[in-house]
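Encoded as structure tokens, the structure appears first; notes follow it.
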DNA sequence: AAACGGAATGAGAATTTTTCGCATCTTGAG
DNA sequence: CTCAAGATGCGAAAAATTCTCATTCCGTTT
Ligand SMILES: [Mn+2]
Ligand SMILES: [Mn+2]
Ligand SMILES: [Zn+2]
Ligand SMILES: [Zn+2]
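Chains as they are written, first to last, in the working numbering: chain X, 72 to 209; chain F, 72 to 209.
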């Protein structure tokens, strides 16, 4: 969390933006809605307006600092971009999320976009199911 | 569009449900939001309340008659289930959607769910990009 | 270090999407 | 045909997100 990270992303290094970036970097929870970020920051004593959370997360997304996900819950979920792209498998019972990367799938996706004449800009793969834990408890 | 289709799905064959199912079956547009279904039906002289559209589409989804998609627009998009499962490639410029099915990807998904200890219930793959048409117009 | 201009923030209002509550109307069983 | 359970419509309410605009902050220039 350096002001330079924001500068590099073409964003002014403002206090709210620093706080949000810091929070995301230090949070053990990797996938959070804007509302969740807002509340968690409040509890941590970092008071940033909800509208600003929304604005900044969207700016971070545009700058490539975070990824926005559209799971089945009907609201956006954000994740700080560390390292490389990955996809998600989500438990529909408890919300537990695991990440994975499959080169074969990635390659097929590029091939399909090409075949269809698209310039691929992005892609998202979500697998839904019941996690091992929830299966046991059933 | 038979009352039997609804009965089979465990739903009473009510007039609004019949109208909505008919509309979906006869619509040239395959992927529509609740609002779009509502407006299109109004124009077609079939007046069904918006709340009912939402309720019925959700019931149809539960019954397996339609699929609900979560594209990047922030609202649900519905599609009548004809034949078999498929995934989508969406143009981020014009909204054009093409469908595809890739056995290799499907198989890898099952494998991944298995490896992670999940009982897979569903999955969604969205590829985003610029379609051939929009590339030309750029 | 003070000043300035443009950009960012906060708070609440406003939008957008979806759900709820309840009085009224239908459907399907008997 | 009658009746109860269930469905619909409408407007109110929720939930998620964006917008407005007065105030504040950041970065650059004196
Ligand atoms: Mn992730
Ligand atoms: Mn489709
Ligand atoms: Zn679980
Ligand atoms: Zn296009």
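Even for Gly, the Cβ is constructed at its ideal location relative to N, Cα and C.
Looking at chain F, is there any beta carbon in it that lies within less than 9 angstroms of the beta carbon of residue i?
i                      : result
residue 162 of chain X : yes
residue 194 of chain X : yes
residue 203 of chain X : yes
residue 166 of chain X : no
residue 191 of chain X : yes
residue 200 of chain X : yes
residue 141 of chain X : yes
residue 130 of chain X : no
residue 188 of chain X : yes
residue 91 of chain X  : no
residue 180 of chain X : yes
residue 105 of chain X : no
residue 122 of chain X : no
residue 184 of chain X : yes
Cα-Cα, which of the options is closest to residue i?
i                      : options                    : result
residue 97 of chain X  : X:150, X:143, X:130        : X:150
residue 101 of chain F : F:82, F:186, F:140, F:189  : F:140
residue 82 of chain X  : X:176, X:185, X:129        : X:129
residue 122 of chain X : X:109, X:113, X:134        : X:109
residue 166 of chain X : X:185, X:120, X:103, X:88  : X:103
residue 134 of chain F : F:88, F:186, F:187         : F:88
residue 119 of chain F : F:174, F:85, F:74          : F:85
residue 159 of chain X : F:112, F:174, F:187, F:159 : F:187
Consider the Cβ of residue i: report whether some Cβ of chain X lies at a distance smaller than 9 angstroms.
i                      : result
residue 175 of chain F : yes
residue 94 of chain F  : no
residue 171 of chain F : yes
residue 197 of chain F : yes
residue 145 of chain F : yes
residue 126 of chain F : no
residue 134 of chain F : no
residue 206 of chain F : yes
Are residue i and residue j close, meaning C-beta to C-beta below 9 angstroms?
i                      : j                      : result
residue 142 of chain F : residue 161 of chain F : yes
residue 124 of chain F : residue 192 of chain X : no
residue 170 of chain F : residue 157 of chain F : yes
residue 77 of chain F  : residue 95 of chain F  : no
residue 199 of chain F : residue 163 of chain F : yes
residue 204 of chain F : residue 196 of chain X : no
residue 146 of chain X : residue 105 of chain X : yes
residue 194 of chain X : residue 209 of chain X : no
List the whole-angstrom C-beta distance separating residue i from residue j, where the pair is believed to meet the contact cut-off of C-beta under 8 angstroms.
i                      : j                      : result
residue 80 of chain X  : residue 136 of chain X : 6 angstroms
residue 172 of chain X : residue 155 of chain X : 7 angstroms
residue 190 of chain X : residue 206 of chain F : 6 angstroms
residue 90 of chain X  : residue 117 of chain X : 5 angstroms
residue 176 of chain F : residue 176 of chain X : 5 angstroms
Within 8 angstroms: the Cβ of residue i and any heavy atom of ligand 6?
i                      : result
residue 166 of chain X : No copy of ligand 6 occurs in the structure displayed; its ligands are ligand 1, ligand 2, ligand 3 and ligand 4 alone.
Worksheet item: At what residue ranges does the segment 119-147 of chain X contain a whole run of the beta strand (DSSP E), taking only runs of 3 or more?
Response: Counting whole runs of 3 or more residues, the segment 119-147 of chain X contains the beta strand (DSSP E) stretches 137-140.
Practice prompt. For the segment 184-209 of chain F, list the alpha helix (DSSP H) runs that are entirely contained and at least 4 residues long, ordered along the chain.
Written response: Runs found: 203-208.
Item to complete: Tell me the start and end of each unbroken alpha helix (DSSP H) in the segment 80-125 of chain X that is at least 4 residues and wholly inside, in chain order.
Response: Runs found: 86-97, 105-114.
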